[in-house]
Amino acid sequence: MAKKKAKKASGPAKKGKSIKYVYSFGGGKADGNESMKNLLGGKGANLAEMAGHKDLRLPVPPGFTITTEVCIDYLAAKRTYPKQLKVQVDTALATVEKLMGKKFGDASNPLLVSVRSGARKSMPGMMDTVLNVGLNDVTIKGLIEKTKNERFAWDSYRRLIMMYSDVVMEKAEGIEPKNGKGIRKTLDERLGEVKKQKGYKLDTDLTVADLKQLVADFKAKVREVLGKPFPENPQDQLWGGIGAVFMSWNGKRAIDYRRIEKIPDEWGTAVNVQSMVFGNMGDDSATGVAFTRNPGNGDPRFYGEYLVNAQGEDVVAGIRTPAPINEASKNDQSRDLPALEKTMPKCYNQLFDIQKRLEKHYKDMQDIEFTIEQGTLYMLQCRIGKRNGTAAVKIAMDMFREKLIDSDTALSRVAPMQLVELLLPMVDPKAEAATKAIGKGLPAGPGAAKGRAVFTSEDAAAWASRGEKVILVREETSPEDVDGMHKAQAILTSKGGMTSHAALVARGWGKCCVVGCEGLEVEAKEFKTKSGEVVHEGDWITVNGTKGLVYRGELNLVNPDLEHNATYVELISLCNKTRKINIRTNADTPKDTAQAVKFGAEGIGLFRTEHMFYGEGSDKPLFLLRKMIMSKTPQERRNALSELEPFVKRDIKATMEVLNGLPVTIRLLDPPLHEFVPHSEDKLAALAQELGINLAEVKKRGDSLKENNPMLGHRGVRLGVTYPEVSEMQIRAILEAAGELIKEGKKAYPEIMIPVTGTVNEIIDQKKIVDKIYAEVCKSLGLSKIPYLYGTMIEIPRAALTANKMAEVAEFFSFGTNDLTQMGFGFSRDDIGSFLPDYLEKKILKDDPFQTIDQEGIGELIRFGIDRGRSTRAKLKIGICGEHGGDPDSVKFCHRVGMNYVSCSPFRIPIAILAAAQAVIEDKRAKKK
Ligand code: PEP
Ligand code: MG
């Protein structure tokens, strides 16, 4: 793919046709615009929009964007650029020089630029940046002359050497630092030494003389460690920076992040070269990050943080505690720090006005970066702000009410999986009230989590792979930590604000996170709390990400009360008005059913009868089931079954009662019988006694049920064919439960479902039993009718292929996509774990087919089955009950192929409801196109 694209980009250029590789912006004009994200990356497209759109024309420092196509080209063509790039860059740079009245590399009035990445989708901190490009021993004199700020100039120079040697000379060259210590760390240590020697606390305490000496030291160290001098030539610096940013697309961090976020490798990153503006030119300068609404809870007020006299990444790096931009942005950590609206009211008011215009223009919450250079405000970036699930729902519904967006847009703004966050457990308020928190920080990621403390990303990943629940504790996180952050239950940092790296990433994932935990001292294998308590590696802690609290030990977690969340309720009711497909649940207890109905389930799509033989209260029915299984003669079996029937009926009836007339699809026993054979001697002995036979005979009977390939063995309908009395008992239990409820004046609507069928004759065989039992039950209960449907699962490819026949008898189909995927692919659903990672890594498969429907293959079987089934029975009711019923993409697929409903586990229902509504909206949009 990459190669193909590269050809496309460079091919015509070679033939002499001119391809535009460079897009300028600034001075109220721009070559590009917001719609060109694929080519210019998100950052580049939005810089163009802010600079050039007639409604905006914001104060954006001029610059230019090199397209993502060049990146792909460059990486594919072994780090060579398309021929015309140099000329285009020179021309664009000349325009910037003109707009700024400065010259790149000029000794008396030098232009400095930043070189930044910017992919189609934001990848916070995952790629590299170089600032202050263009500074050297000559141009620094001009900078000092122009700014009259010698300290600032030398500070900028030492930052350039640090960043450049790290990003361009080491990382982009693929140099593996010795002892794992990179050049940046080496230089950082040198800086630390100087501070220590001089007794300074802050970087800002360094004097001109200190910084000059540091620049000399840094250069010497770079030559010593990397074997090459830091390049003085500004053009070399510029092209080094551009190449390094492109190379960072294939850096480990970026690749890890792409895997998690499913960002395609072939997108590439753009490079933005932009005139530098400085937030570190004294106390009338600042830099900050802000959101047009609060990304943590959706509060509709302008929200952000800033640092006085700081440059670029300082806010995101989380090194200094940022101050709030206004009253609404204050938190426990920043309460006493001066707000921007007080310290620089003119700039704040201008910024406030700009953010209003930006939100109105983009009609969505914006994440903005700004810099104030000596009292002048500049906009460095705007993009759609990442937000957690709670904020996503609130912002979407608020904007809908404000009439900024319509209902379809509002529903499209929330990713179905984001609703999981609203369903996340919280710390039990009772347990919380009774426990003293050991730490308090900022609530950066929602929900609650408990786990064992670990202190490195590698440990988090290693412990998690052993099945341990862990919480990653760090002083601050960096993009290198994403893997461990992803695998941890929660993230806890001692430093950083609400816009720090940890907060940003956690918010994107909806992961529980507390940052800037006051007074926490994080060491290699332990942390110390403000009060001196020590928590060691492996100790359990509980984190409340909604309140920013940390507790020692395992606190009880409980589910949230969604019914009283008005915004959520409103979102769901909007979805219900929009969606066409019904949503049912897979449940087999009254408790789960009640929960599902609360979430909006419109019936049960799969009641697995075998579940009553597991878990709480199952001892007696399981014993009777075992007795039935171990029976030898039909009479023995019938005796056991008649003892078992009341238990089966009781469970079905209790669930039907909760449903109050909503349909319930009850599936007859599915698993191979051997699954229920007891292993322990005492259980076998009890059975022997009950059946009046000896232990050896019971063991023999159990062993005879063993199969080589039970998943393809004696299970599903095959049990009912061999042991009709087993089907009889279940059908009787279902119909009697329904009939009794009807007689009690209640409602019941069972759907009897036959599993694992592959030919219509199996359904015909079982239908005879149903008809017989139905007549008997109606008679014994004195009812003229018990409403019910008779149908089958479609989970064997042959069933899908002969669906026209199956529908002659079946009144409904339920696609069992777990088995259909298993049998369609020939992948054992229980053993796929051993090879799936390789399939995903090698891109043989895009996704796990047991999680999201393989639309190309298994999806075709479904389509085919639906068409054929409905060709026989036009009104055939069709649903899905495999795990895919709660996967958003699969739900959308089910809508498109014309199913009547999807069925999923109770906690997936809100996700399915939203996905079902989005499917309708996507349909509408596709038709419009
Ligand atoms: C299926 O196969 O999709 C299904 C729902 O049945 P089970 O998972 O119980 O085999
Ligand atoms: Mg199945």
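Using my numbering, read the sequence shown as starting at 1247 and increasing by one per residue.
The beta carbon of each residue, even a glycine, is placed where N, CA and C say it ideally should be.
**Item:** Same chain, Cβ closer than 7 Å to residue 1920, five either side skipped, listed in chain order
**Value:** Position 674 of the sequence shown holds residue 1920. Cβ neighbours of residue 1920 beyond the five flanking positions: 1951, 1952, 1953 and 1956.
**Asked** Would you call residue 1599 buried or exposed, if buried means 16 or more other Cβ atoms sit within 10 Å of its Cβ?
**Response** As a position in the sequence shown, residue 1599 is number 353, starting the count at 1. So residue 1599 ends up on the exposed side.
**Request:** Output the distance between the C-alpha atoms of residue 1258 and residue 1333, rounded to the nearest integer angstrom.
**Result:** As a working note, residue 1258 is residue 12 in the sequence shown. As a working note, residue 1333 is residue 87 in the sequence shown. Note that residue 1258 scores 36 on pLDDT, short of 50, meaning its location in the model is unreliable; the coordinates nonetheless yield the value given after this. Roughly 16 Å between the two C-alpha positions.
**Item:** N- and C-terminal bounds of the beta strand (DSSP E) containing residue 2177
**Value:** Any answer about residue 2177 is impossible in this case: the structure gives the chain only from 1247 up to 2175.
**Message:** Using a Cβ-Cβ cutoff of less than 7 Å, which residues in the same chain neighbour residue 1804 once the five nearest sequence positions on both sides are dropped?
**Reply:** The sequence position of residue 1804 within the sequence shown is 558, counting from 1. Cβ neighbours of residue 1804 beyond the five flanking positions: 1671, 1672 and 1674.
**Request:** Keeping to the same chain, check which residues put their C-beta closer than 6 Å to that of residue 1642; ignore five residues upstream and five downstream.
**Result:** Start at 1 with the first residue of the sequence shown, and residue 1642 comes out as number 396. Answer for residue 1642: 1656, 1659 and 1660, listed in chain order.
**Request:** Can you list the residues near ligand 3, meaning Cβ strictly closer than 6 Å to any non-hydrogen atom, in the order they appear in the chain?
**Result:** With respect to ligand 3, the structure shown offers nothing to examine, as its ligands consist of ligand 1 and ligand 2.
**Message:** Taking DSSP's pairing of strands, which residues face residue 1786 in a bridge?
**Reply:** Locating residue 1786 in the sequence shown gives position 540, counting from the first residue. Per DSSP, 1698.
**Message:** So, at 7 Å on beta carbons, what are the nonlocal neighbours of residue 1759 in its own chain, with the 5 sequence-adjacent residues on each side left out?
**Reply:** Counted from its first residue, the sequence shown places residue 1759 at position 513. The answer, listed in chain order, is 1690, 1691, 1736, 1737, 1748, 1749, 1752 and 1791.
**Message:** Taking the alpha-carbon of residue 2031 as reference, which of 1982, 2058, 2009 and 1570 has the nearest alpha-carbon?
**Reply:** Position 785 of the sequence shown, counted from the start, is the residue given in the question as residue 2031. The option with the nearest alpha carbon to residue 2031 is 1982.
**Asked** Does the Cβ-Cβ distance between residue 1796 and residue 1787 come in under 8 Å?
**Response** Residue 1796 sits at position 550 when you count from the first residue of the sequence shown. Residue 1787 sits at position 541 when you count from the first residue of the sequence shown. Yes, Cβ-Cβ distance for residue 1796 and residue 1787 is below 8 Å.
**Request:** For residue 1521, I'd like the list of residues in its chain whose CB is within less than 7 Å of its CB, leaving aside the five on either flank, ordered along the chain.
**Result:** Numbered from its first residue, the sequence shown carries residue 1521 at position 275. Excluding positions up to five away in sequence, the list reads 1307, 1308, 1309, 1342, 1346, 1357 and 1359.
**Item:** Validate contact between the stretch 1863-1870 and the stretch 1845-1854 using beta carbons, cut 8 Å, 3 pairs
**Value:** no
**For residue 1803, three-class secondary structure by DSSP** = Here residue 1803 refers to the residue found at position 557 of the sequence shown. If DSSP states are grouped into helix, strand and coil, residue 1803 belongs with the strands.
**Message:** If you follow the alpha helix (DSSP H) that residue 1656 is in, where does it begin and where does it stop?
**Reply:** Reading the sequence shown from its first residue, position 410 is the one you call residue 1656. First-last of the alpha helix (DSSP H) with residue 1656: 1653-1658.
**Prompt:** Which first and last residues belong to the beta strand (DSSP E) in which residue 2123 is found?
**Reply:** As a working note, residue 2123 is residue 877 in the sequence shown. That run of the beta strand (DSSP E) goes 2123-2126.
**Request:** Look up residue 1724 in the DSSP assignment and say whether it is helix, strand or coil.
**Result:** Here residue 1724 is taken as the residue at index 478 of the sequence shown, counted from 1. Of the three classes helix, strand and coil, the one that applies to residue 1724 here is coil, per DSSP.
**Item:** Cβ-based neighbour list, residue 2117, same chain, cut-off 6 Å, excluding 5 preceding and 5 following
**Value:** On the sequence shown, residue 2117 is found 871 positions in, with the first residue counted as 1. Closer than 6 Å at Cβ, skipping near neighbours: 2050.
**Request:** Within its chain, find whatever has a CB closer than 6 Å to the CB of residue 1413; leave out the 5 residues flanking it on each side and keep chain order.
**Result:** In the sequence shown, the residue the question calls residue 1413 occupies position 167. Excluding sequence neighbours, residue 1413 sits near 1374, 1376 and 1490.
**Message:** Quick check on the burial criterion: 16 or more other C-beta atoms within 10 angstroms. Buried or exposed for residue 1940?
**Reply:** Taking the first residue of the sequence shown as 1, we reach residue 1940 at position 694. When all chains shown are included, residue 1940 counts as exposed.
**Message:** Quick check: the Cα distance between residue 1859 and residue 1897, rounded to an integer number of angstroms?
**Reply:** Counted from its first residue, the sequence shown places residue 1859 at position 613. Counted from its first residue, the sequence shown places residue 1897 at position 651. Roughly 11 Å between the two C-alpha positions.
**Request:** Excluding the 5 residues preceding and the 5 following residue 1572 in the sequence, name in chain order all residues of the same chain whose CB lies nearer than 6 Å to its CB.
**Result:** To locate residue 1572, count along the sequence shown from 1; it is residue 326. These residues qualify, in order along the chain: 1585 and 1587.
**Prompt:** If we count the other Cβ atoms within 10 Å of its Cβ and call it buried at 16 or more, is residue 1348 buried or exposed?
**Reply:** What you label residue 1348 is simply residue 102 of the sequence shown in a count that begins at 1. Buried.
**Request:** May I ask which residues mark the beginning and end of the alpha helix (DSSP H) holding residue 1615?
**Result:** Along the sequence shown, one-based indexing puts residue 1615 at 369. No alpha helix (DSSP H) contains residue 1615, which is instead part of the beta strand (DSSP E) from 1612-1619.
**Prompt:** residue 1551 to residue 1531, Cα distance in whole Å?
**Reply:** Here residue 1551 refers to the residue found at position 305 of the sequence shown. Here residue 1531 refers to the residue found at position 285 of the sequence shown. Each residue's alpha carbon lies about 14 Å from the other.
**Request:** Indicate, with yes or no, if ligand 2 has a heavy atom lying under 7 Å from the CB of residue 2001.
**Result:** For the purposes of this step, residue 2001 is taken as residue 755 along the sequence shown, with counting starting at 1. True, at least one ligand heavy atom lies under 7 Å from that Cβ.
**Item:** Local conformation of residue 1390 per DSSP, three classes
**Value:** Counting from 1 along the sequence shown, the entry for residue 1390 is found at position 144. Here residue 1390 sits in helix by DSSP.
**Prompt:** In whole angstroms, what separates the C-alpha of residue 2024 from that of residue 2005?
**Reply:** Here the question's residue 2024 lines up with position 778 in the sequence shown. Here the question's residue 2005 lines up with position 759 in the sequence shown. Computed Cα separation, rounded: 29 Å.
**Exposure of residue 1616, with buried meaning 16 or more beta-carbon neighbours within 10 Å** = What you label residue 1616 is simply residue 370 of the sequence shown in a count that begins at 1. With 16 or more Cβ atoms within 10 Å of its Cβ, residue 1616 is classed as buried.
**Asked** Count the other CB atoms within 10 Å of the CB of residue 2010; is the residue buried (16 or more) or exposed (fewer)?
**Response** As a first step, residue 2010 is located in the sequence shown; it is residue number 764 there, counting from the start. Label assigned to residue 2010: exposed.
**Request:** Name, in chain order, the residues that DSSP records as bridge partners for residue 1999.
**Result:** Position 753 of the sequence shown, counted from the start, is the residue given in the question as residue 1999. DSSP lists 1913 and 2037 as partners of residue 1999.
**Asked** How is residue 1460 classed by DSSP in three states: helix, strand or coil?
**Response** Working through the sequence shown from its first residue, we reach residue 1460 at position 214. If DSSP states are grouped into helix, strand and coil, residue 1460 belongs with the helices.
**Request:** Let me know if residue 1326 comes out buried or exposed under the rule of 16 or more other beta-carbons within 10 Å of its beta-carbon.
**Result:** Here the question's residue 1326 lines up with position 80 in the sequence shown. Its Cβ having fewer than 16 others within 10 Å, residue 1326 is exposed.
**Asked** Ordered along the chain, which non-local residues of its own chain (more than five positions away) have a Cβ less than 8 Å from that of residue 1337?
**Response** Taking the sequence shown and counting its residues from 1, the one referred to as residue 1337 is at position 91. Around residue 1337: 1268.
**Item:** CA-to-CA distance, residue 1755 to residue 2154, given in whole angstroms
**Value:** Start at 1 with the first residue of the sequence shown, and residue 2154 comes out as number 908. Start at 1 with the first residue of the sequence shown, and residue 1755 comes out as number 509. Taking the straight line from one Cα to the other gives about 17 Å.
**Asked** Considering only residues of the same chain and omitting the five flanking positions on each side of residue 1969, which have a CB-CB separation below 7 Å?
**Response** Working through the sequence shown from its first residue, we reach residue 1969 at position 723. These residues qualify, in order along the chain: 1883.
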